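2 protein chains.
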Amino acid sequence: MSFLTILRQYASKTDPATLPPTVLFSHSTTTLTIFDAYPKATFHFLILPRVSPNCPSSALANLKSVLAWDKDKAKQCIRDLQSNALELRDKIEEEMMEKYGFKWDVWMGFHAVPSLEHLHLHVISSDLCAPALKNKKHYNSFHSKLGFFLHLNDVLEWFDATESHFKTMAKLEKSKYEPLLKDDLVCHRCYERQKNIPTLKTHLQSHFDKDVQKAKGKAILILKRKREDDESSDGRKDQAKKASVDQDKDS
Amino acid sequence: MSFLTILRQYASKTDPATLPPTVLFSHSTTTLTIFDAYPKATFHFLILPRVSPNCPSSALANLKSVLAWDKDKAKQCIRDLQSNALELRDKIEEEMMEKYGFKWDVWMGFHAVPSLEHLHLHVISSDLCAPALKNKKHYNSFHSKLGFFLHLNDVLEWFDATESHFKTMAKLEKSKYEPLLKDDLVCHRCYERQKNIPTLKTHLQSHFDKDVQKAKGKAILILKRKREDDESSDGRKDQAKKASVDQDKDS
DNA sequence: TATTCCGATAGTGAC
DNA sequence: GTCACTATCGGAATGAG
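Protein chains in written order, with the UniProt record's numbering: chain A, 1 to 251; chain B, 1 to 251.
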């Protein structure tokens, strides 16, 4: 059964540093950040709340149990995950720049109906290009517009909504969310329907390849202009060119 | 589309001898006997009515169209197939004896809902052990007790039944027969349910292997007794031993 | 919605 | 109920002193 409770085992470690470096990315007093063992995108991490006297594993079983717990503790727990996730996102964006020369979206959120025990916040890049993404459930579970992937900000907003709304959302009914995973494959970037997984994966890869090409194009453009500026003795052109490059960011 | 009408093409040949020997087994003035291209048993042939001015291909499209045709012509057509099938069965039984040392059932019949154009009578040995038998539809379509495989004798009896019964049977409604192909896998020899196709195939093979072993045992027994008789000068024992071997036939 | 393995099931294309 | 190919779907096991 250890495969179902592996995350709980990690989160229960008194010394997270004993976890292998292939598993553990970092930790704080209240959270663990681990590499997703089967990444569904170029960057894919999990952030787990650590088990402690104040945070028993029973309360941390999943998002539903956390939301049914003491509301203030729940909010604190999720905020802890958030603060770590935001730091992590910065690190991911650094690596995006180093490796790919550009940044793209990083999503933070929970699966409405998880299958592994212990709450885990997914921190995942929006490309969804990775070998471990193999079937419709994988894809739909991360589709940012489908509803199964619950964005962290949305979940945090439940706490500030009416009690009635909080209660409704906190139910996380299987019957509501599970069917979403069987929905047709629709590209989360251009909304084009895809016939099957191989087609979808090729399609997503081509979106990503275009992004990479675009970033390369801009890098070359910037380099070109920089060289022209260096060669030019006319200091007056500088400002106009800088403005032109800044505009490219939004194109 | 030639794959759908391949049998009609064969049956329309004015000179069947031009068919390759890998296809044609034999022919008469009114029928062709060909090797099933994907045999579902150790012996598996198809007998086709030949197209002629008296027997247009439109009438011979399938069993339903034949039964909707002139009733006397239909009966004659099917009787022609039968007389060839009976001869063929004799030849198959000869080869069974030569190759395996024993004979086993040979079925003659039609699929209630065929997918290849042109009437074809299956002549197939009851082992149903063959590499080309790959899925549930294959097996159920030849299961001798399921109802999808229409035994030739049963079909011929329809002609001598009441007109009402003939009309009913002649409908060959898809909605009645198609669902049978999805039935659970049940061994046609011992009625044991089989979980899946690999299991069924192993099971059928073991039935056949037992038959072969049994036949070998008898052959050895007969040989032994013959040798004893040859060595014995006592002629009185002969009759008793012959009777004993005859009894083994039914065991 | 952990993966992996096996097998059944479904759609397609075949000229 | 043609085949062969691809992909999806569905269940079961998964560990292990």
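Ideal Cβ placement from N, Cα and C applies to all residues, glycine included.
The structure displayed is predicted, hence computed values, not measured ones.
Take residue i and list the residues in its own chain whose beta-carbon comes closer than 7 Å to its own, dropping the five residues that flank it on each side.
{"i": "B/HIS27", "result": "PRO16 and THR33"}
{"i": "A/VAL155", "result": "ILE78 and PHE110"}
{"i": "A/VAL212", "result": "TYR100"}
{"i": "B/PHE208", "result": "ASP127 and CYS129"}
{"i": "B/LYS75", "result": "PHE159"}
{"i": "A/THR5", "result": "GLU117"}
Nearest to residue i by alpha carbon, out of the options?
{"i": "B/GLU117", "options": "B/GLU157, B/LEU204 and B/LEU60", "result": "B/LEU60"}
{"i": "B/LEU128", "options": "B/LEU119, B/ASP105 and B/HIS111", "result": "B/ASP105"}
{"i": "B/ALA131", "options": "B/SER52, B/ALA161, B/LEU200 and B/LEU223", "result": "Looking at the sequence provided, one finds Pro at residue 131 of chain B rather than Ala. Taking only the C-alpha atoms, the option nearest B/PRO131 is B/LEU200."}
{"i": "B/MET97", "options": "B/PHE43, B/GLU228, B/LYS134 and B/GLN194", "result": "B/PHE43"}
{"i": "A/ASN84", "options": "A/LEU67, A/SER2, A/THR31 and A/TYR100", "result": "A/THR31"}
{"i": "B/SER58", "options": "B/LEU119, B/PHE25 and B/LEU46", "result": "B/LEU119"}
{"i": "B/ALA170", "options": "B/ARG227, B/ASN135, B/LYS13 and B/SER65", "result": "B/SER65"}
{"i": "A/GLU192", "options": "A/HIS203, A/PRO198, A/LYS182 and A/PRO20", "result": "A/HIS203"}
{"i": "A/ASN140", "options": "A/ASN153, A/SER126, A/SER125 and A/ASP183", "result": "A/ASP183"}
{"i": "A/LYS195", "options": "A/LYS136, A/THR168 and A/ALA37", "result": "A/LYS136"}
{"i": "A/VAL51", "options": "A/TYR38, A/PHE25 and A/THR14", "result": "A/THR14"}
{"i": "B/ASN54", "options": "B/PHE142, B/SER12, B/GLU94 and B/GLN205", "result": "B/SER12"}
{"i": "B/PRO56", "options": "B/GLN9, B/PHE102 and B/PHE25", "result": "B/GLN9"}
{"i": "B/LEU7", "options": "B/SER115, B/ILE222, B/SER232 and B/THR29", "result": "B/SER115"}
{"i": "B/THR168", "options": "B/LYS226, B/LEU24 and B/LEU67", "result": "B/LEU67"}
Could you name the residues of the same chain whose beta carbon sits closer than 6 Å to that of residue i, not counting the 5 residues immediately before and after it, in chain order?
{"i": "A/ASP250", "result": "Residue placement at A/ASP250 is flagged as unreliable, the pLDDT there being 45, under the threshold of 50; the coordinate-derived value follows with that caveat. Once the five neighbours on either side are set aside, A/ASP250 has no close Cβ partner at all."}
{"i": "A/PHE166", "result": "TRP158"}
{"i": "A/ILE92", "result": "PHE43 and VAL106"}
{"i": "B/LEU46", "result": "ILE34, ASP36 and HIS120"}
{"i": "B/SER125", "result": "ALA41, THR42, PHE43 and VAL106"}
{"i": "A/GLN205", "result": "CYS129"}
{"i": "B/TYR38", "result": "ALA132"}
{"i": "B/ARG227", "result": "none"}
Tell me, to the nearest whole angstrom, how far the beta carbon of residue i is from that of residue j; I am working on the premise that it is less than 8 Å.
{"i": "residue 253 of chain B", "j": "B/LEU172", "result": "Because chain B is modelled from 1 through 251, residue 253 of chain B falls outside the range shown and cannot be assessed."}
{"i": "B/THR22", "j": "B/PHE35", "result": "7 Å"}
{"i": "B/LEU180", "j": "B/LEU146", "result": "5 Å"}
{"i": "B/LEU86", "j": "B/LEU121", "result": "Actually they are not in contact, since the Cβ atoms of B/LEU86 and B/LEU121 sit about 11 Å apart, beyond 8 Å."}
{"i": "B/PHE102", "j": "B/ALA215", "result": "4 Å"}
Keeping to the same chain, check which residues put their C-beta closer than 8 Å to that of residue i; ignore five residues upstream and five downstream.
{"i": "A/ARG89", "result": "VAL106, MET108 and VAL123"}
{"i": "A/VAL113", "result": "PHE148, LEU172, LYS174, TYR177 and GLU178"}
{"i": "B/HIS138", "result": "LYS40 and ALA132"}
{"i": "B/THR18", "result": "none"}
{"i": "residue 278 of chain A", "result": "Nothing can be reported for residue 278 of chain A, as the shown portion of chain A is limited to 1 through 251."}
{"i": "A/GLU95", "result": "PHE43"}
{"i": "B/LYS210", "result": "none"}
State yes or no: is the C-beta of residue i nearer than 7 Å to some heavy atom of the ligand ADP?
{"i": "A/HIS207", "result": "In the structure shown, the ligand ADP is absent, as is every other ligand, since no ligand is present at all."}
Inset, instruction - Report yes or no: do three or more beta-carbon pairs, one from the stretch 182-195 of chain A and one from the stretch 69-79 of chain A, lie closer than 8 Å? - result: no
Legend entry - Contiguous beta strand (DSSP E) assignments of at least 3 residues, all confined to the stretch 74-157 of chain B: 106-111, 121-125 and 149-151
Legend entry - alpha helix (DSSP H) runs contained entirely in the UniProt domain "Aprataxin C2HE/C2H2/C2HC zinc finger" (146-210) of chain A, provided each spans 4 or more residues: 152-160, 163-170 and 174-177
Legend entry - At least 3 beta-carbon pairs within less than 8 Å: the stretch 78-92 of chain B vs the stretch 160-169 of chain B: no
Legend entry - beta strand (DSSP E) runs wholly inside the stretch 4-49 of chain A, at least 3 long, in chain order: 24-27, 31-35 and 44-49
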